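*Asks:*
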Amino acid sequence: MAIEIYLAVKARALKLKLLPAEAYETMLRAPTFKECTELLSKYGYVIRDSSLEGVECAALEHMLSLVDKMVIGVDGPPRELLRAYSFGRVELELVRDALRSLAGGARYRPPRCSALATLKVGPRLLSTFKDLWSAVATLVELGYRTLGRAFEYYEEVGSVAVLEMGAEADYYAKCWRLADSLLMSREVKRMVMLDSASRWLYWLAVLKFEGIGGEILSTLSKCMMPRLPRHVVAYGVESPLEELSSVARAVHRELGEAFARGFRGGFLVLEAELLRALWLNATRILRLRPIDLSYALACVLALYFEAKNVYRVLSAKIAGIPEETVREALQLL
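To convert, count from 1 in the sequence shown and add 845; that's the working numbering.
Now the structure itself:
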């Protein structure tokens, strides 16, 4: 418990370093891209390259360095879980991008970012893959075991979504293994459950829409949701696409409401609504400030959302997207 208190104290200090809502408002109203990067520099962002890729790299570097500072002096499962939850999330995005590129017959070109060199599966390794088969074989050796099974299914049905769900299943399985090694509080369990369930529900909708089900959906679902009651997993696998909002409600009311709002808007809207449900839960924890690992996990998630928000604002600035549209998409405290 002493470690959790220590982490909660450090997480509270970290929360104070999050970008305030007014910083986003200033960037949205700023007439130039340069003014946005200058503002970010005042909040501790080290921007070496004022291109969009440079800003993305700076946002990720800022996030990962703050997580590293938070876990200094902490050993064992708590440290491993926080790093897996944060660094693993960034790694997962790179892996998914690489799988999509290779499945499309193109070499993957990862972002040039030195901060990502600390990842177990980073840009240097991913850029060496020449084809999808060799990439999956290497990733399986590095712990992406469900991805290996997903690749077999991919060869049957040809859907990249199967590969992506397999990779995500490995990420959440690792988070659950580490969480199980701790005496988890109710809030920690709830947070990991909401996170993994939101992605599980998203992939259920995508794969069912593509006409994929049966053994494929059942196997990947069990790997992705090892702590969800079996009858709920079976309910999700067997339910028609239109009834998945009922499955979402069976997992948690917030996810049920998010699914119902997003389902009719298409997969991008659905993904955003499920992500918003996860974010609302994290902000609730940040307000309650519990003295357990859930507070540190919520802060890590807030850093991840901040990196996404910064990239979203700056890319919109370059593309000339109206500030009202961008403002609605931001996840703010």
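Beta carbons: idealized from backbone N, C-alpha and C, even for Gly. Quick caveat, the model's predicted, so the values are computed rather than measured.
Just mark K1162 as buried or exposed, buried being the case when its beta carbon has 16 or more other beta carbons within 10 Å.
*Replies:* Residue numbering aside, residue 1162 sits at position 317 when the sequence shown is read from its first letter. The residue in question, K1162, is buried, as its Cβ has 16 or more Cβ neighbours within 10 Å.
*Asks:* Reducing DSSP to helix, strand and coil, say where H907 ends up.
*Replies:* Numbered from its first residue, the sequence shown carries residue 907 at position 62. H907: helix per DSSP, three-state reduction.
*Asks:* What runs of the beta strand (DSSP E), each 3 residues or longer, lie entirely inside the segment 990–1049?
*Replies:* With a minimum length of 3 residues, no continuous beta strand (DSSP E) run stays inside the segment 990–1049.
*Asks:* Alpha carbon to alpha carbon, how far is Y851 from K797? Give it in angstroms, no decimals.
*Replies:* Nothing can be reported for residue 797, as the shown portion of the chain is limited to 846 through 1178.
*Asks:* Cβ of H907 within 8 Å of Cβ of Y930?
*Replies:* Here residue 907 is taken as the residue at index 62 of the sequence shown, counted from 1. Here residue 930 is taken as the residue at index 85 of the sequence shown, counted from 1. Cβ atoms of H907 and Y930: not closer than 8 Å.
*Asks:* Could you check whether the segment 978–994 touches the segment 1008–1019, counting it as contact only if at least three pairs of C-beta atoms, one from each stretch, sit closer than 8 Å?
*Replies:* These segments touch.
*Asks:* Pull up the CB-CB distance for Y953 and A960, whole angstroms please, since I reckon it's below 8 Å.
*Replies:* Mapped onto the sequence shown, residue 953 falls at position 108. Mapped onto the sequence shown, residue 960 falls at position 115. So it is not a contact: roughly 18 Å between Cβ atoms.
*Asks:* Look at the Cβ atom of L947, then the Cβ atom of V966, and state whether they are nearer than 8 Å.
*Replies:* To locate residue 947, count along the sequence shown from 1; it is residue 102. To locate residue 966, count along the sequence shown from 1; it is residue 121. Taking 8 Å as the Cβ cut-off, L947 and V966 do not qualify as a contacting pair.
*Asks:* Any idea what DSSP makes of C881, helix, strand or coil?
*Replies:* To locate residue 881, count along the sequence shown from 1; it is residue 36. DSSP places C881 in helix when its eight states are reduced to three.
*Asks:* Out of L964, Y999, P968 and T963, which one is the CA nearest neighbour of L977?
*Replies:* Your numbering for residue 977 matches position 132 in the sequence shown. Nearest C-alpha to L977: Y999.
*Asks:* Excluding sequence positions up to five away, which residues of its chain have a Cβ less than 6 Å from the Cβ of V1092?
*Replies:* Here residue 1092 refers to the residue found at position 247 of the sequence shown. Cβ neighbours of V1092 beyond the five flanking positions: Y1080, G1081 and S1084.
*Asks:* Is V900 closer than 8 Å to V1155 when the C-beta atoms are compared?
*Replies:* Your numbering for residue 1155 matches position 310 in the sequence shown. Your numbering for residue 900 matches position 55 in the sequence shown. Closer than 8 Å, so yes.
*Asks:* Thinking L1113 and A1050 are a contact (beta carbons under 8 Å), I'd like their distance in whole angstroms, please.
*Replies:* Position 268 of the sequence shown, counted from the start, is the residue given in the question as residue 1113. Position 205 of the sequence shown, counted from the start, is the residue given in the question as residue 1050. No, L1113 and A1050 are not in contact; Cβ-Cβ is about 12 Å, not under 8 Å.
*Asks:* Quick one: grab the DSSP three-state call for A875.
*Replies:* Counting from 1 along the sequence shown, the entry for residue 875 is found at position 30. If DSSP states are grouped into helix, strand and coil, A875 belongs with coil.
*Asks:* Could you tell me whether the Cβ of V1037 comes closer than 8 Å to any Cβ of chain B?
*Replies:* No chain B appears in this structure, which consists of one protein chain only.
*Asks:* At which residues does the alpha helix (DSSP H) containing R1106 begin and terminate?
*Replies:* Residue mapping note: residue 1106 aligns to position 261 of the sequence shown, counting from 1. Its alpha helix (DSSP H) spans residues R1098 to G1107.
*Asks:* Which residue marks the beginning of the alpha helix (DSSP H) containing G1059, and which one marks its end?
*Replies:* By one-based count along the sequence shown, residue 1059 stands at place 214. Note, G1059: alpha helix (DSSP H), G1059 to M1069.
*Asks:* Within its chain, find whatever has a CB closer than 8 Å to the CB of L911; leave out the 5 residues flanking it on each side and keep chain order.
*Replies:* The residue labelled residue 911 in the question sits at position 66 within the sequence shown. The residues are L859, K862 and L1148.
*Asks:* Should H907 be listed as close to the ligand COA, given that the test is whether its C-beta is under 7 Å from any heavy atom?
*Replies:* Ligands are entirely absent from the displayed structure, and the ligand COA is therefore not among its contents.
*Asks:* Tell me which same chain residues have a C-beta within less than 6 Å of the C-beta of L933, skipping the five on either side of it?
*Replies:* As a working mapping, residue 933 is identified with position 88 in the sequence shown. Inspection of the sequence shows that residue 933 is occupied by Gly rather than by Leu. Y1016, listed in sequence order.
*Asks:* Roughly how many angstroms lie between the CA atoms of A1006 and L1046, to the nearest whole one?
*Replies:* Locating residue 1006 in the sequence shown gives position 161, where the first residue counts as 1. Locating residue 1046 in the sequence shown gives position 201, where the first residue counts as 1. Taking the straight line from one Cα to the other gives about 13 Å.
*Asks:* According to DSSP, is Y888 helix, strand or coil?
*Replies:* Counting from one through the sequence shown, the residue named residue 888 turns up at place 43. If DSSP states are grouped into helix, strand and coil, Y888 belongs with coil.
*Asks:* So, under 8 Å CB-CB, A1024 and C1068 are touching, yes? Tell me the CB distance rounded to an integer number of Å.
*Replies:* The residue given as residue 1024 occupies position 179 in the sequence shown. The residue given as residue 1068 occupies position 223 in the sequence shown. About 16 Å separates the two Cβ atoms, so there is no contact after all.
*Asks:* My guess is that L927 and A1152 are in contact by the Cβ rule of under 8 Å, so how many angstroms apart are they, rounded?
*Replies:* Working through the sequence shown from its first residue, we reach residue 927 at position 82. Working through the sequence shown from its first residue, we reach residue 1152 at position 307. Actually they do not touch by this definition, with Cβ atoms about 16 Å apart.
*Asks:* What are the boundary residues of the alpha helix (DSSP H) that M959 is part of?
*Replies:* Along the sequence shown, read from residue 1 onward, the residue named residue 959 stands at position 114. Checking the displayed sequence, the identity of residue 959 turns out to be Ser instead of Met. Segment: none, S959 is in no alpha helix (DSSP H) and carries neither H nor E.
*Asks:* Would you call the segment 1122–1129 and the segment 869–887 in contact, with 3 or more CB pairs under 8 Å?
*Replies:* No, because fewer than three Cβ pairs between the segment 1122–1129 and the segment 869–887 fall closer than 8 Å, the two stretches do not touch.
*Asks:* When DSSP labels each residue in this structure, what does I1130 get in the three-state scheme?
*Replies:* The residue given as residue 1130 occupies position 285 in the sequence shown. DSSP places I1130 in helix when its eight states are reduced to three.
*Asks:* What distance in whole Å lies between the Cβ atoms of L873 and R1172, which are believed to be in contact at a cut-off of 8 Å?
*Replies:* Numbered from its first residue, the sequence shown carries residue 1172 at position 327. Numbered from its first residue, the sequence shown carries residue 873 at position 28. Right, their Cβ atoms sit about 6 Å apart.
*Asks:* Could you tell me the alpha carbon to alpha carbon distance between S886 and A875, rounded to whole angstroms?
*Replies:* Against the sequence shown, residue 886 aligns to sequence position 41. Against the sequence shown, residue 875 aligns to sequence position 30. Answer to the nearest angstrom: the Cα atoms are 15 Å apart.
*Asks:* Whole angstroms is fine: what's the gap from L1159's alpha carbon to F1108's?
*Replies:* Numbered from its first residue, the sequence shown carries residue 1159 at position 314. Numbered from its first residue, the sequence shown carries residue 1108 at position 263. Each residue's Cα considered, the two are about 28 Å apart.
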